[in-house]
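*Asks:* Protein chains in written order, with full-length UniProt numbering: chain A, 1 to 288; chain B, 1 to 288. For every residue, glycine included, the Cβ atom is placed at its ideal position computed from N, Cα and C. Computed from a prediction, not measured in an experiment: that's the story for all the values here. So that we are looking at the same thing, I have put the structure below in C-alpha cells.
Protein chains: 2
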Amino acid sequence: MTIQQINYFLTLAKELHFWRAAEKVFISQSSLSRQIKSLEDELGIQLFQRDKRNVKLTDAGKFLQEHWTILINEFNQVKTQAKKIDEGNSGRVSITYVGSIAFSFLPNFLKHINDKLPDLKLELTEPTDENHEKLLLDYSTDIALSRDEIKNIHIDSVKLSSESVCLVVPNNHWLNISNFGNLNDLKDEKFIIAGLHHSTFFASLLRNLFNKYNFEPKTIIESDFGGMILNLVSQGLGISILPHSFKYAKPENVRFIELNESIDLYISWRKNDLNKTIKRIVDMAKEV
Amino acid sequence: MTIQQINYFLTLAKELHFWRAAEKVFISQSSLSRQIKSLEDELGIQLFQRDKRNVKLTDAGKFLQEHWTILINEFNQVKTQAKKIDEGNSGRVSITYVGSIAFSFLPNFLKHINDKLPDLKLELTEPTDENHEKLLLDYSTDIALSRDEIKNIHIDSVKLSSESVCLVVPNNHWLNISNFGNLNDLKDEKFIIAGLHHSTFFASLLRNLFNKYNFEPKTIIESDFGGMILNLVSQGLGISILPHSFKYAKPENVRFIELNESIDLYISWRKNDLNKTIKRIVDMAKEV
DNA sequence: CCAACTAATGCTAAAAACGCATTAATCATG
DNA sequence: CATGATTAATGCGTTTTTAGCATTAGTTGG
Numbered sequence: 001m002t003i004q005q006i007n008y009f010l011t012l013a014k015e016l017h018f019w020r021a022a023e024k025v026f027i028s029q030s031s032l033s034r035q036i037k038s039l040e041d042e043l044g045i046q047l048f049q050r051d052k053r054n055v056k057l058t059d060a061g062k063f064l065q066e067h068w069t070i071l072i073n074e075f076n077q078v079k080t081q082a083k084k085i086d087e088g089n090s091g092r093v094s095i096t097y098v099g100s101i102a103f104s105f106l107p108n109f110l111k112h113i114n115d116k117l118p119d120l121k122l123e124l125t126e127p128t129d130e131n132h133e134k135l136l137l138d139y140s141t142d143i144a145l146s147r148d149e150i151k152n153i154h155i156d157s158v159k160l161s162s163e164s165v166c167l168v169v170p171n172n173h174w175l176n177i178s179n180f181g182n183l184n185d186l187k188d189e190k191f192i193i194a195g196l197h198h199s200t201f202f203a204s205l206l207r208n209l210f211n212k213y214n215f216e217p218k219t220i221i222e223s224d225f226g227g228m229i230l231n232l233v234s235q236g237l238g239i240s241i242l243p244h245s246f247k248y249a250k251p252e253n254v255r256f257i258e259l260n261e262s263i264d265l266y267i268s269w270r271k272n273d274l275n276k277t278i279k280r281i282v283d284m285a286k287e288v
Numbered sequence: 001m002t003i004q005q006i007n008y009f010l011t012l013a014k015e016l017h018f019w020r021a022a023e024k025v026f027i028s029q030s031s032l033s034r035q036i037k038s039l040e041d042e043l044g045i046q047l048f049q050r051d052k053r054n055v056k057l058t059d060a061g062k063f064l065q066e067h068w069t070i071l072i073n074e075f076n077q078v079k080t081q082a083k084k085i086d087e088g089n090s091g092r093v094s095i096t097y098v099g100s101i102a103f104s105f106l107p108n109f110l111k112h113i114n115d116k117l118p119d120l121k122l123e124l125t126e127p128t129d130e131n132h133e134k135l136l137l138d139y140s141t142d143i144a145l146s147r148d149e150i151k152n153i154h155i156d157s158v159k160l161s162s163e164s165v166c167l168v169v170p171n172n173h174w175l176n177i178s179n180f181g182n183l184n185d186l187k188d189e190k191f192i193i194a195g196l197h198h199s200t201f202f203a204s205l206l207r208n209l210f211n212k213y214n215f216e217p218k219t220i221i222e223s224d225f226g227g228m229i230l231n232l233v234s235q236g237l238g239i240s241i242l243p244h245s246f247k248y249a250k251p252e253n254v255r256f257i258e259l260n261e262s263i264d265l266y267i268s269w270r271k272n273d274l275n276k277t278i279k280r281i282v283d284m285a286k287e288v
C-alpha cells in the first residue's frame with residue numbers, strides 16, 4: 001500500500017471515471033486500473049463497484065475516501081513541519097498576530113529577527129477568528145502573538161508588554177485630556193469601532209468597558225481593521241477606541257487620550273518544540 | 001513515499017541499528033540502507049545522523065517518529081473498520097457493555113443476533129473506564145450498551161429498558177420486603193459494593209442514593225464485578241446493592257429487595273455509519 | 001596496529017509499475 | 001436491431017524500482 005496508491009484512489013473516488021482520473025494523476029488508464037485492483041487485492045476490500053461502463057464507490061470505499069482524505073492531509077502537514085525542523089534557522093516559521101500590533105511591536109520584532117537570522121523566512125498571518133490555541137496545536141502556526149494568555153499544558157505563554165487603551169479623536173474635536181471625565185460625556189458622539197459581537201479579546205474588553213459605565217455607543221461604522229478606523233477618524237467621521245500602539249502608525253490629524261484601561265500582549269508557542277528556531281525567536285521577542 | 005518505507009523508518013528509529021532493524025522488517029541491511037536514504041532524498045529531510053558506526057535520530061526524525069507512529073496506527077484502524085464495512089453481515093461488530101447486563105439482557109441479545117446473522121463475529125468488551133462515547137468515536141467499538149445516554153451529534157442513543165435497583169441480602173438475613181423501611185435501618189450492616197470513587201454511572205447512582213439519606217455504608221469489600229459481589233453476599237459476608245437484573249444470574253441463597261430507584265439501559269451507535277450491519281443489530285436490540 | 005563492527009555501495013537478479021494496443025462489455029442512436 | 005462510441009480490463013514488452021550478495025570503507029576497542 002503506497003501513499004501514491006491512496007492518492008490514485010482518492011482521485012478516482014472523486015472522478016469516478018478511470019480515464020479522467022488517470023489523466024489527473026499523470027498515468028495511463030491501464031496503469032490506474034491495475035493500481036486500483038492491486039490496492040483492492042492487498043486490502044482484501046472491494047473499493048469500487050464497477051461494470052464495463054460505470055464506476056461507483058462501495059460503502060467501504062466511501063468510508064476510506066472520507067478517512068484517508070483526512071489522514072493524507074495530516075501526513076502532509078506533518079511532513080511540512082518536519083521540513084521546518086530540518087531546515088532550522090534557514091527554514092520557515094509561522095507567526096500569527098493580532099492586528100493592533102502591526103504598527104508598533106511587530107515591525108521592530110521582525111527587523112530584529114531578520115538581523116539575527118537573515119536566512120529565515122517568516123510567514124505572517126492575522127487570523128480572523130483568533131483561536132491561537134488551536135492554530136498552535138495543529139501546527140498551523142508556530143508562534144502566536146495574542147491579547148490573552150493561552151493556558152494549555154502543551155503551550156508556553158508569557159506576557160511581553162502592557163499598554164493603555166485610548167480614545168482616538170480628530171485634532172479639531174472638542175475633547176482633550178483635560179476636559180475628559182468619563183465615557184458618559186460621549187453619549188452624543190459617533191463611534192467607529194470593532195464589531196462588539198466578535199469573540200476577540202479586544203471586542204470583549206470594549207464590551208466590558210461600556211458595561212462598566214452602562215454606556216451604549218452610537219456606532220456608525222464597524223471595522224476590525226485598525227488602520228481603516230484611524231483613517232476614518234482622521235477624516236472626521238467619528239471617534240474610536242484603540243490600543244495606544246496605534247499611535248505609532250503616525251496618523252495625521254488625530255489625537256490620543258488615554259483611558260484607565262490597559263491591554264496586554266502575550267507570546268505563545270508549543271512547549272518543547274523540536275524546532276529550536278522557534279524558541280530563539282521567542283527569546284528575541286522578550287528583548288524587543 | 002511508501003507506507004512500507006515509513007515502517008522501515010519507524011523500526012530503524014527504534015533500533016538505531018541497521019542490521020537489527022533490517023532483520024526485524026525482513027530485508028537485508030543494504031536494502032534498508034537504501035530505502036532510508038531514498039526516503040530522506042524524497043522528503044528532502046535528514047532523518048538520521050549517522051557515521052560509519054553510530055545511528056541516531058535528528059530532531060526532524062524525532063518529530064516524524066512521534067507523529068508517524070500515531071498516523072500509522074490511525075491508518076491501521078481505518079483499514080480495519082473499512083474491512084468490517086466490506087464484510088458486512090459476515091464480518092465483525094464490536095460491542096462494549098456494562099457488567100450488570102451480563103446475566104439478563106446480554107445473553108438473549110447475543111442469541112438473537114446469532115440466530116439472525118449466523119456468520120457475524122461479535123467482539124465483546126467490558127470497558128473499565130466506561131468512556132463509551134470516546135470508544136464509539138474512535139472506532140474502538142461499534143455498539144455501546146451503557147447506563148446513561150450519550151449526547152453527541154455523531155452518535156444516536158436510545159433507551160432500551162429500565163429496571164429497579166435492589167438490596168441484595170443472604171437468605172438467612174433478618175431483612176425482608178415487609179420489614180425494610182429505608183437505608184438508615186442498615187447503618188450497622190456490612191456492605192460489599194462497587195468502588196464509589198469510580199466515574200461509572202452506577203457508582204454515581206450509589207453516591208446519590210447514600211447522600212439522599214445522609215447515609216454512609218460500612219463498606220468491607222469493594223468490587224466492580226457483580227458476579228463476585230453476589231457470590232460474597234451468598235456466603236454471608238455482607239449485603240449489597242445491585243441492579244435487579246442480577247437476579248437472572250440465579251444466585252443461590254440470596255434475596256433481592258427492590259429499592260425506590262431505577263436504572264436505565266441505553267444502546268448507542270455512530271449515526272449513519274456505513275456498516276449497515278450495526279444498524280441491523282441495534283434494531284434487534286429493540287426487539288429483545 | 002589489528003580485529004571486530006557497521007553503514008554504504010557496485011553489481012546483478014527479481015519484481016513492480018508503466019504504456020501501447022487490443023478486447024469485451026455497455027450504451028446511445030437512428 | 002445494427003452500429004458506432006464509450007470505457008474498464010488485459011496481454012505484452014519496456015522501464016524503473018527494489019532486493020540480496022559481496023565488498024568496501026570508516027570507526028572503535030583492545
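Looking at the secondary structure, which residues open and close the beta strand (DSSP E) in which I192 (chain B) lies?
*Replies:* That run of the beta strand (DSSP E) goes 190 to 193.
*Asks:* What does a CB cutoff of less than 6 Å around L175 (chain A) pick up in its chain, not counting 5 residues either side in sequence?
*Replies:* Counting only Cβ-Cβ distances below 6 Å, and skipping sequence neighbours, we find V169.
*Asks:* Check each residue of the segment 64 to 83 of chain B: if its Cβ is closer than 8 Å to any Cβ of chain A, include it; give the result in chain order.
*Replies:* Hits within the stretch, in order: L64, H67, W68, L71, E74, F75, V78, K79, Q81, A82, K83.
*Asks:* Take S262 (chain A) as the anchor and find which of A:V233, A:E163, A:R270 has the nearest alpha-carbon.
*Replies:* Minimum Cα distance to S262 (chain A) is reached at A:E163.
*Asks:* Within its chain, find whatever has a CB closer than 8 Å to the CB of F105 (chain B); leave out the 5 residues flanking it on each side and keep chain order.
*Replies:* Around F105 (chain B): L145, L160, S161, S245, L265, V288.
*Asks:* Along the segment 273 to 285 of chain B, where does the CB come closer than 9 Å to a CB of chain A? Name the residues.
*Replies:* Listed in sequence order: D273, L274, N275, K276.
*Asks:* At a cut of 8 Å, does the segment 86 to 99 of chain A reach the segment 231 to 239 of chain A through at least three beta carbon pairs?
*Replies:* The answer is no - the segment 231 to 239 of chain A does not touch the segment 86 to 99 of chain A, with fewer than three Cβ pairs under 8 Å.
*Asks:* D264 (chain B) lies in the beta strand (DSSP E); which residues open and close that run?
*Replies:* Here the beta strand (DSSP E) through D264 (chain B) covers 254 to 270.
*Asks:* At a CB-CB cut-off below 9 Å, which residues of chain B make contact with Q49 (chain A)?
*Replies:* Within 9 Å Cβ-Cβ: nothing; Q49 (chain A) doesn't reach chain B, min ~12 Å.
*Asks:* Mind checking F109 (chain B): buried by the 16 CB within 10 Å criterion, or exposed?
*Replies:* Counting Cβ neighbours within 10 Å, F109 (chain B) comes out buried, since at least 16 surround it.
*Asks:* Considering just the uninterrupted stretch of the alpha helix (DSSP H) at P107 (chain B), what are its terminal residues?
*Replies:* Unbroken alpha helix (DSSP H) run through P107 (chain B): 105 to 116.
*Asks:* Any idea what DSSP makes of K79 (chain A), helix, strand or coil?
*Replies:* Of the three classes helix, strand and coil, the one that applies to K79 (chain A) here is helix, per DSSP.
*Asks:* Do D142 (chain A) and I257 (chain A) have their C-beta atoms within less than 8 Å of each other?
*Replies:* Going by C-beta atoms, D142 (chain A) is not nearer than 8 Å to I257 (chain A).
*Asks:* Restricting to Cα atoms, I'd like to know which of B:K286, B:N275, B:R280 is closest to A60 (chain A).
*Replies:* Checked all of B:K286, B:N275, B:R280; the closest Cα to A60 (chain A) is B:N275.
*Asks:* Any C-beta of chain B sitting closer than 8 Å to the C-beta of L43 (chain A)?
*Replies:* L43 (chain A) counts as touching chain B.
*Asks:* Quick check on V158 (chain B): buried or exposed, where buried means 16 or more other Cβ atoms within 10 Å of its Cβ?
*Replies:* Exposed, since its Cβ has fewer than 16 Cβ neighbours within 10 Å.
*Asks:* Can you round the beta-carbon distance between R147 (chain A) and F201 (chain A) to whole angstroms, since I take them to be within the 8 Å contact cut?
*Replies:* That pair is a contact at about 4 Å.
*Asks:* How many Å lie between L120 (chain A) and Q81 (chain A) at the Cα?
*Replies:* Cα-Cα distance, rounded: 15 Å.
*Asks:* Along the chain, where does the beta strand (DSSP E) that runs through T11 (chain A) open and close?
*Replies:* Where T11 (chain A) is concerned, there is no enclosing beta strand (DSSP E), although the alpha helix (DSSP H) it sits in stretches over 3 to 15.
*Asks:* Is it a yes or a no for the segment 51 to 71 of chain B touching the segment 5 to 17 of chain B, going by three-plus beta-carbon pairs under 8 Å?
*Replies:* As far as the Cβ criterion goes, the segment 51 to 71 of chain B touches the segment 5 to 17 of chain B, which means the pair count is three or higher.
*Asks:* When you compare only the Cα positions, how much space is there between E42 (chain A) and S199 (chain B)?
*Replies:* Cα to Cα, the separation comes out at about 43 Å.
*Asks:* Within the chosen definition, does the segment 175 to 195 of chain B reach the segment 214 to 221 of chain B through at least 3 CB pairs nearer than 8 Å?
*Replies:* Contact between the segment 175 to 195 of chain B and the segment 214 to 221 of chain B is present, because at least three Cβ pairs lie under 8 Å.
*Asks:* Would you say S100 (chain A) touches the ligand SAM, meaning its beta carbon is less than 7 Å from a heavy atom?
*Replies:* No copy of the ligand SAM occurs in the structure displayed, which carries no ligand at all.
*Asks:* If you drop the 5 nearest sequence neighbours on each side, which residues of the same chain put their C-beta closer than 6 Å to that of H112 (chain A)?
*Replies:* M284, V288.
*Asks:* Is it right to say A58 (chain B) is buried, meaning 16 or more other beta carbons lie within 10 angstroms of its own, or is it exposed?
*Replies:* A small correction: the amino acid at residue 58 (chain B) is Thr; Ala does not occupy that position in the sequence shown. Its Cβ being crowded by 16 or more others within 10 Å, T58 (chain B) is buried.
*Asks:* Under the three-state reduction of DSSP, which class applies to A144 (chain B): helix, strand or coil?
*Replies:* Strand, per DSSP.
*Asks:* Taking only the alpha-carbon atoms, compute the straight-line gap between R50 (chain B) and A203 (chain B) and give it to the nearest angstrom.
*Replies:* R50 (chain B) and A203 (chain B): Cα-Cα distance of roughly 55 Å.
*Asks:* Would you report the Cα separation of F225 (chain B) and T128 (chain B), rounded to the nearest angstrom?
*Replies:* Going from the Cα of F225 (chain B) to the Cα of T128 (chain B) covers about 10 Å.
*Asks:* Along the chain, where does the alpha helix (DSSP H) that runs through Q49 (chain B) open and close?
*Replies:* Premise fails: Q49 (chain B) lies in the beta strand (DSSP E), 48 to 50, not in any alpha helix (DSSP H).
*Asks:* Per DSSP, which residues does T125 (chain B) bridge with? Please list them.
*Replies:* For T125 (chain B), which the question treats as bridged, DSSP gives the partners B:T96.
*Asks:* So D273 (chain A) is in the beta strand (DSSP E); what residue range does that whole segment cover?
*Replies:* No beta strand (DSSP E) holds D273 (chain A); DSSP gives it neither H nor E.
*Asks:* Name the chain B residues that come within less than 7 Å of I85 (chain A), Cβ to Cβ?
*Replies:* Per Cβ cutoff of 7 Å: D59, A60, F63.
*Asks:* Which residue's Cα is closest to the Cα of E40 (chain B): A:D86, A:K247, A:M228, A:Q4?
*Replies:* When only C-alpha atoms are compared, the closest one is A:D86.
*Asks:* Hey, out of A:E130, A:N253, A:K247, A:A249, whose CA is closest to L237 (chain A)'s CA?
*Replies:* Nearest option by C-alpha distance: A:N253.
*Asks:* What do you get for F75 (chain A), buried or exposed, if any count of 16 or more other CB atoms within 10 angstroms of its CB means buried?
*Replies:* By the 10 Å Cβ count, F75 (chain A) comes out buried.
*Asks:* So I3 (chain B) and T69 (chain A) are in contact, right, with Cβ under 8 Å, and what is the actual spacing, rounded?
*Replies:* Going by Cβ atoms, the distance from I3 (chain B) to T69 (chain A) rounds to 16 Å, so no, they are not a contact pair.
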